[in-house]
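The structure appears right after this line, and notes come after that.
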Amino acid sequence: MSDEGVSLKTLSPRALAWQRRGRAAAAAWREFSSSKSGLVGLGVLVLAVLLALLAPVLSNEDGLDVTKATGGRMRPPDGNFWLGTDVDGRSILLLTWWGTRVSLLIGISAALLSVVIGTVIGIIAAHYGRWVSAVLLRIVDFFLVLPSLVLAIALSTVLEPGIGTIIVAIGLTSWPSAARLVRAQTLTVEARPYIERSRALGGGNLHIIVKHVLPAVLPLVFVNATLAVGNAIVAESTLAFLGLGDPFQTSWGGILHNATVDSAALAGAWWYLLPPGVAIGVVVLAFTLCGRALETVLNPRLREPR
Amino acid sequence: MTSTSSTTTPLLELRGLTVRYGGRSGLLAVDGVDLSLRAGETLGLAGESGCGKSTLAMSVLRLLPKSAQIEGEILLDGEDITQMSFGRLRTVRWASASVVFQGAMHALNPVKRIGEQIAEPIRLHGTVPAGHVKSRVRELLEQVELPVARADAYPHELSGGQKQRVMIAMALACEPRLVIADEPTTALDVIVQAQVLALLSRLVADHGIGLIMISHDLSVLGATCARLAVMYAGKLVEEGPSRQVIGEPKHEHTKALAAAFPTIGDPSSRYAPATSSELGLPGAPEPVAEGVEPLLRTDNLRVTFTGRGQTTEAVKGVDLEVYPGEIVALVGQSGSGKTTLARTILGLQKPTSGQVLFEGKALPHSARALRAYRRKVQLVLQDPTSALNPRHTVYEAIAEGLRIHKLPGDERELVAQALEAAELRPPERFMTVLPHELSGGQRQRVVIAGALALAPTLLVADEPVASLDASVRGEILALLLRLRASLGLAALVITHDLGLAWNIADRVAVMYKGELVEVGTVAEVLRDPKHEYTKQLLAALPDGTALPAGEVTA
Amino acid sequence: MPSPRRGGGTARYLLTKLGGAVISLFMVVVLGFILFRVMPGDPVKTMTRGHPVTNEQLAILEHRYGLDKPKIAQFWDYLVKLLHGDFGDSYQYSRPVGDMILEKLWPTVLLVGTGTILAVALGLWLGTRAAWQRNSVFDKASTGIALAFWSMPTFWLGMILLTAAGGLFPSGGMVYPDTPPDFLSQALDILHHLVLPVITLVAVVYAQYQLVMRSSLLEEMDADYLTTARAKGLRDDLVRRRHAVPNALLPTVTLVFLHLGMVVAGAITVEAVFSWPGLGQMTYNAIGVPDLPVLQGTFIVLAAAVLVMNLIADVLYRFLDPRVRAV
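If you're matching them up, the sequences are chains A, B and C in order. Going by full-length UniProt numbering, the first residue of the first sequence is number 1, and it counts up by one from there. Going by full-length UniProt numbering, the first residue of the second sequence is number 1, and it counts up by one from there. Going by full-length UniProt numbering, the first residue of the third sequence is number 1, and it counts up by one from there.
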């Protein structure tokens, strides 16, 4: 019990609610920061985002232009080109750096799209019972088992190539797992007696969803979104590798696509393959580690016994 | 069976047993307990949740989690358990002492047939030759009065009582000399509980087994055990013959435990929670005047559920009345339809036929009118811990109803009044607190305050004290009685506990398989039951909690 | 509590599941039509994207593929043909797509099957060990490694393996053309070709099985029935093997089948990298054209295969978990 009752007279109910949220956030941060791997992941992500944002300030975009490339053809790393050059003589370092922008943009947007779709469908399927739920569940189960990459390939083949298409293709194919998760969580929350109490107090559907279900589901959604970004980045690189990316933008998958077209693997040009792949691995791992640490904050059962 | 040990060595002896969780400075769960049990003796261990009674029981077979540190001696047949090698400990487990666990639902492996689970320790300890294991399992099932064919069943296919019988058969499998029963009947209905207790007592007596039984319910222990020990905050506070401990409790805590299970028929325990409290009962309850319109009436109410091709009639034509300012207890066992009836009264469940009338008017169907109705009829749920959103402060929990109904007036003022009415004082101290920072009793008061904030005329309380500890139970019941006296609040209290009805209700309605089998004043129904089922319920109460009809004149 | 009637329940359960699967299959067929016939707006334009064509050529193409009819009529044609196993003709090779799929089916089955079995075995074994030795060096290291592999794009790992170990193993294909036609030589050669693709597939896929097995075992660790088992005097390893693992295995089994779609996705890129002559490589080759009938055919076949596997999983699960059997 706290002694904040004294200050109560000066605080409005809204301010009280925000104070409570602030305390909850601080507690969550304390729990998160006790996870070493989570902190490392967060650090990597902050760095990646900064690099992506600062690329136009710190480097020269001209280096991406094939016609203005200054390096030799597929040259190994040297003093000028720390990570070597691609088939057109562009710096692999510069390409990988700029690739961060597109890969993060697509990864985050696609993950958001999929999580938003999943949350809406998940809550509706759980809250409204009977046939609404039955129909939605049928659809969710269908998309859940459908090989999502095959569907994404199909979508990005028939739509105009571009960043928007890739975001839509990934977002539209990866939402079912979020929907399942949100549905399960909503069902657990709605089985709690405080929902019954809220109904008995006179609360309607909207009141229950907004005041009780959403606040309980959102942290889970946030965790899911964090993990989904990693998956989306891998999916983006896969689509780009298959030649379905935006040919006018530099992404990590796109570099690897070029490397395949130029037979870099057979030519032994490891500097062409390693940097973009390592970048994908590190950023995806960082998102995964962050997501897992957040999961532990939410679910005390996963915590290590002290 | 004859006892093989000498009469001088006790079967089990605890000397200065101390159990602590999480290091030296950690939580002290058991604090210097001395206790002894001779072969064939029965001992009841009573106490509220968290008093350390289960920790003590689990320490006997060293089944505590790794974080627990044990000090002192645990002598089983003179041999110290705490010093045993792991191999020796494994041979002692189940063969010398076995356990009937709390909640048989979870204590049985869900994916193994029960026959296999009973046979497992027999094979492991070589109790009988390998060829005879099957017949031994059959014999055990017969002993616990289960059909032998049930050996092929999985746990989920058995009822709660049957599962507990399986646990007992399992405990007896290796012919142990000591059985520890940890809340063996807590989740069971009164009638099933009586059967299981009788079975356990009989088997223990037949085989000369020593029994330690753990429960929060003094009457259950009194019915089964010769001696009683009461624990409080890790310490043993009282020990003696059962009759003496229950009849003349000495320690403050034992008194509270004993009071929680009133003797039905004893006039001194009528309205006891309020009359024995120092706050007292402001004005004795007045009998309902003749000719007053009932506040709430159900008219031939029926609720039928259909699912998976089956129809279940949960409520079969119920006529029930609640008058203004009256407390009615709706008594029934789980599955009797009493909760469905309550939900229908609150408009949370649509009746299949019949209707609910409030103040003479039928329950409305439109969402808006239903909301207005719900202002007047409020719900108090069984478990206050889950009835409050863990993310909302007490202030928000109480203001929720005010905000839904957009009640006029200063919100903070109204919240403070509600807290005051629920005797949470001073109100300011509680407003910013989250539910998990409160005790169980305080949480239930918050739930009640949330209901009171809307100034209802009827409170529907579903097992309002079932999840609370004995000492808190009285406080909450007293609060309900005082609210009735000061605000004229009527209440429909749903319970499985006849003692609770005797404690606070004016009238009782007994529900059985969806029907009201008996309705009348508390004195009529509980002292002179007419219906066969009511008689069974009263007969199933552990000895000493119901006086035979007519023995006492009120 | 009414005792469950097992016989009637099982038949009903199977019928429900079968009905669901049939609806799902129909949805796949509809989706295949929408994706490749409706969404492109003009398949012929997509087909000829980047090629100079005259309007007459377009009209001829449209007529040849039946694209000048109304959509409903097109759907009916498509449905009738599908039921006869006719997936249309490839734009690229002018051959029936059905025949092409049949040819490429078994290499994919070999790759996905071997990969799944190895990944599941590895994942379950590591997950079980990690859960027992919670917070040990083994637990932390194996979980870390699994997560690292899981974070890598499958195709990239394949390319790196190809660069690093290219000398030891064939760089692509399934058999050398000059291998003697006898069974043993052929089998050994296929095995030789299979090593790198399978390692790649397993490395990326096994992590999820390990993590799921680990967490579901940890969930079971606190279960009361394990205390019962320990109280009975069972050794710790017996408590785990007899009581904990069978319970923890159940959720994992469902996941194995649920994630089959992801293995298939991994296989597509692995086949592309290692030129493994299966459905994935066929898809890869069709993307650039784009050869819509081939993409449509592989989409329908792969989706249907995963759906059927999940139907099998549902049935299997019913016999594994007595609790589901009673419902």
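Note that the Cβ used here is the ideal one computed from N, Cα and C, for glycine as well.
In this structure, does DSSP put residue i in helix, strand or coil?
i	result
residue 60 of chain A	coil
residue 19 of chain C	helix
residue 566 of chain B	Because chain B spans 1 through 554 in this model, residue 566 of chain B falls outside it and cannot be assessed.
residue 271 of chain B	coil
residue 453 of chain B	coil
residue 251 of chain A	coil
residue 135 of chain C	coil
residue 300 of chain B	strand
residue 180 of chain B	strand
residue 95 of chain C	coil
residue 128 of chain A	coil
residue 282 of chain B	With a pLDDT of 48 at residue 282 of chain B, under the threshold of 50, the modelled position of this residue cannot be trusted, and the question is left open.
residue 323 of chain C	helix
residue 306 of chain B	strand
residue 98 of chain B	strand
residue 533 of chain B	helix
residue 44 of chain B	strand
residue 209 of chain C	helix
Taking just the CA atoms, how far does residue j sit from residue i?
i	j	result
residue 467 of chain B	residue 389 of chain B	17 Å
residue 227 of chain A	residue 41 of chain A	12 Å
residue 249 of chain C	residue 176 of chain A	23 Å
residue 279 of chain A	residue 49 of chain A	13 Å
residue 159 of chain B	residue 301 of chain C	47 Å
residue 180 of chain B	residue 80 of chain B	17 Å
residue 525 of chain B	residue 399 of chain B	40 Å
residue 164 of chain A	residue 245 of chain A	10 Å
residue 259 of chain B	residue 370 of chain B	40 Å
residue 285 of chain A	residue 151 of chain C	5 Å
residue 149 of chain A	residue 234 of chain B	59 Å
residue 112 of chain A	residue 142 of chain A	21 Å
residue 118 of chain A	residue 174 of chain A	9 Å
Give the range of the alpha helix (DSSP H) segment to which residue i is assigned.
i	result
residue 396 of chain B	394 to 405
residue 172 of chain B	160 to 172
Span of the beta strand (DSSP E) holding residue i?
i	result
residue 494 of chain B	490 to 495
residue 10 of chain B	From DSSP, residue 10 of chain B is part of no beta strand (DSSP E); its letter is neither H nor E.
residue 76 of chain B	68 to 76
Find out if the Cβ-Cβ distance for the pair residue i, residue j is shorter than 9 Å.
i	j	result
residue 236 of chain A	residue 114 of chain A	no
residue 45 of chain B	residue 27 of chain B	no
residue 380 of chain B	residue 292 of chain B	no
residue 265 of chain A	residue 187 of chain A	no
residue 201 of chain A	residue 347 of chain B	no
residue 158 of chain C	residue 264 of chain C	no
residue 307 of chain C	residue 145 of chain A	yes
residue 239 of chain B	residue 245 of chain B	yes
residue 10 of chain B	residue 43 of chain B	no
residue 293 of chain C	residue 77 of chain C	no
residue 274 of chain C	residue 310 of chain C	no
Within 9 Å of any Cβ in chain D, is that where the Cβ of residue i sits?
i	result
residue 310 of chain B	Of the protein chains in this structure, namely A, B and C, none is chain D.
Cβ pair count under 8 Å reaching 3, the segment 203 to 218 of chain A against the segment 260 to 273 of chain A:
no
Would you call the segment 293 to 311 of chain B and the segment 348 to 358 of chain B in contact, with 3 or more CB pairs under 8 Å?
yes
Spell out a yes or no on whether the segment 108 to 126 of chain B and the segment 200 to 207 of chain B are touching, meaning 3 or more CB-CB pairs, one atom from each, closer than 8 Å.
no
Report yes or no: do three or more beta-carbon pairs, one from the segment 445 to 458 of chain B and one from the segment 370 to 380 of chain B, lie closer than 8 Å?
Yes: at least three Cβ pairs fall under 8 Å.
Three Cβ pairs or more, each shorter than 8 Å: is that satisfied between the segment 490 to 500 of chain B and the segment 327 to 342 of chain B?
The count of Cβ pairs closer than 8 Å, one atom from the segment 490 to 500 of chain B and one from the segment 327 to 342 of chain B, reaches three, so the stretches are in contact.
Taking contact to mean 3 or more Cβ pairs, one atom from each stretch, closer than 8 Å, check whether the segment 221 to 233 of chain B and the segment 436 to 444 of chain B are in contact.
no
Spell out a yes or no on whether the segment 67 to 78 of chain C and the segment 223 to 240 of chain C are touching, meaning 3 or more CB-CB pairs, one atom from each, closer than 8 Å.
no
If you pair each beta-carbon of the segment 87 to 103 of chain B with each one of the segment 161 to 181 of chain B, do three or more pairs fall below 8 Å?
Cβ pair count under 8 Å is three or more, so yes.
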